[in-house]
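In this note's numbering, the protein residues as written are 27 to 81.
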């Protein structure tokens, strides 16, 4: 299942801009829709959430 940048941001407790930057840097795998929007595999976001500590 793929989720949006906003949904990923809520799970990771960061801003959507941070999620976009992490995707650009290769920290979170993603696909681009035909409209150019990022979609993230839910399993990948969950894995990043387990590995990342946000204060």
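Glycine included, C-beta positions come from ideal geometry on N, C-alpha and C.
No experiment lies behind these values; they were computed from the predicted model shown.
- Contact between residue 53 and residue 40 does not hold, since their C-beta atoms are separated by about 11 angstroms, which reaches or exceeds 8 angstroms.
- DSSP links residue 77 through a beta bridge to no other residue.
- Residue 68 and residue 56 do not touch by the CB rule: their CB atoms are close to 12 angstroms apart, not below 8 angstroms.
- DSSP lists 66 as the bridge partner or partners of residue 29.
- Burial state of residue 78 is exposed, judged by a 10 Å Cβ sphere holding fewer than 16 other Cβ atoms.
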